[in-house]
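Q:
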């Protein structure tokens, strides 16, 4: 039996949504962060540490990307609840964090896909079909992408560029055993409070970093006891055991975080192509690296703060529609038992929300209690 359709949103009906007068991000705050440990037991360290931007002295040719890479690391390492690490990291850093005050909690990727639907061809996110789970917890909307492959294998005979190899050569892990670094940022947008999770490519060396030391909570020997993967390829668990949380790392300010993009020399990489991604996570530092045959030209870190402000001003119509669309999701779920499946059909160019009739929920049961605590 097909899921019962709740609402269909066509492109023409987008214009009828009630939008705010202005769609600017304000009140941006770093919330928390974590790094995955490359081990067969799902383990994160909080706040973790992003790789440090550290260009080598010589620009020797880099090999092409090959092997197994994460596309959705949280889903690959914790398939039963990809959103759980977000909350575990936040409450590890701040047990009193008021999740009830947040209206929308999502990964950056989901907002990028919605923006691409609103304005086809915007940035690097070309219009394609997608599916997301929607869940309303009291008044908080959770969005979780369903159809994104968790991993990607690049065979030796294929050429997919040098992006992964570039990051390995031009950044340095701040402590051994870590894999992807993920951050959470909050802000106000279109009258709603957002909490956004995103993966970080690296960071600049900040002038001041706060060491996280919790006596009796983290012991470096804990890492030694974990069964680290011996292979270069990521380790994936088919089952989903309980997530282990350790406290280790350094807090890194948002202004030190950077995004890395690589291209063949002669192929353009316009700021407009990456602006939506940077805007959603409020990442103001960008590295654009160009190469010939894997040998990269010298590059520098760009501060694109002014460019992001200009992009935001120039895209007010689409951003107001984005805010209105997310507000519509909340309204729809309030009248449909709080759970739904969002689908975009690229062939028909329309969004539909249907009732989610499955038994599974997006979060472990204990995390739902955070919405019932008195503040």
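Numbering (my numbering), first residue to last: -7 to 367. The C-beta atom is built at its ideal place from N, Cα and C for all residues, glycine as well.
1. Taking residue 249 and residue 281 to be in contact with their CB atoms under 8 Å, please state how far apart those CB atoms are, rounded to whole angstroms.
2. Where does residue 290 fall in DSSP's three states?
3. Say whether the segment 151 to 166 touches the segment 11 to 25, bearing in mind that this needs 3 or more beta-carbon pairs closer than 8 Å, one atom from each stretch.
4. Using a threshold of 8 Å, state whether the C-beta atoms of residue 81 and residue 38 are closer than that.
5. Suppose you measure from the CA of residue 269 to the CA of residue 189; what does that come to, to the nearest Å?
6. Please list the terminal residues of the continuous alpha helix (DSSP H) segment that includes residue 244.
7. What would DSSP say about residue 349, mapped onto helix, strand or coil?
8. Considering just the uninterrupted stretch of the beta strand (DSSP E) at residue 27, what are its terminal residues?
9. Can you tell me where the alpha helix (DSSP H) with residue 99 in it begins and where it stops?
10. Look at the alpha carbon of residue 331 and the alpha carbon of residue 360, and state the distance between them as a whole number of angstroms.
11. Which residues in the same chain as residue 207 place their Cβ atom closer than 6 Å to its Cβ, once the five residues preceding and following it in sequence are excluded?
12. Alpha carbon to alpha carbon, how far is residue 170 from residue 230? Give it in angstroms, no decimals.
13. According to DSSP, is residue 157 part of a helix, a strand, or is it coil?
14. Going by beta-carbon coordinates alone, are residue 235 and residue 355 separated by less than 8 Å?
15. Measuring alpha carbon to alpha carbon, tell me which residue in 151, 104, -4, 42 is nearest residue 137.
16. Along the beta strand (DSSP E) that carries residue 337, what are the first and last residues, could you check?
17. Specify, as a first and last residue, the run of the alpha helix (DSSP H) that residue 80 falls within.
18. Between residue 30 and residue 333, what straight-line distance do the alpha-carbon atoms span, to the nearest angstrom?
19. Can you grab the Cα-Cα spacing for the pair residue 133 / residue 239, in whole Å?
20. Count Cβ pairs between the segment 298 to 312 and the segment 59 to 68 that sit closer than 8 Å; are there 3 or more?
21. Check for me: the beta strand (DSSP E) holding residue 360 runs from which residue to which?
22. If you draw a straight line from the C-alpha of residue 34 to the C-alpha of residue 175, how long is it?
A: Taking the geometry as given:
1. Incorrect: roughly 17 Å between the Cβ atoms, too far for contact.
2. Reduced to three states, the DSSP call for residue 290 is coil.
3. Between the segment 151 to 166 and the segment 11 to 25, the count of Cβ pairs shorter than 8 Å is below three; the stretches do not touch.
4. In contact: residue 81 and residue 38 (Cβ atoms closer than 8 Å).
5. Rounded to the nearest angstrom, the gap between the Cα atoms of residue 269 and residue 189 is 12 Å.
6. Membership of residue 244 in any alpha helix (DSSP H) is not indicated, and neither H nor E is assigned to it by DSSP.
7. In this structure, residue 349 counts as coil in the three-state DSSP scheme.
8. Per DSSP, residue 27 belongs to the beta strand (DSSP E) from 18 to 29.
9. Annotation: residue 99 is outside any alpha helix (DSSP H); the continuous beta strand (DSSP E) that includes it extends over 96 to 99.
10. Each residue's CA atom was taken as its position, placing residue 331 and residue 360 some 14 Å apart.
11. Confidence at residue 207 is low in this model, with a pLDDT of 31, below 50, so the placement of that residue should be treated as unreliable; the coordinate-derived value is given next. Counting only residues of its own chain and dropping the five nearest sequence neighbours on each side, residue 207 has no CB closer than 6 Å to any other CB.
12. The pLDDT assigned to residue 230 is 36, lower than 50, so where the model puts this residue is not dependable; a value taken from the coordinates is nonetheless given after this. Taking the straight line from one Cα to the other gives about 20 Å.
13. Residue state for residue 157 is assigned as helix, using DSSP reduced to three classes.
14. In this structure, residue 235 keeps its C-beta atom at 8 Å or more from the C-beta atom of residue 355.
15. Taking the Cα of residue 137 as reference, the smallest distance to any Cα among 151, 104, -4, 42 is reached at 104.
16. Residue 337 -> beta strand (DSSP E) spans 331 to 337.
17. Secondary structure note for residue 80: its alpha helix (DSSP H) is the uninterrupted segment 76 to 85.
18. Those two C-alpha atoms are separated by around 32 Å.
19. So the alpha carbons of these two residues sit roughly 28 Å apart.
20. At 8 Å Cβ cutoff, the stretches do not touch.
21. Per DSSP, residue 360 belongs to no beta strand (DSSP E); it is in the alpha helix (DSSP H), 357 to 360.
22. Going by the C-alpha atoms only, they are around 17 Å apart.
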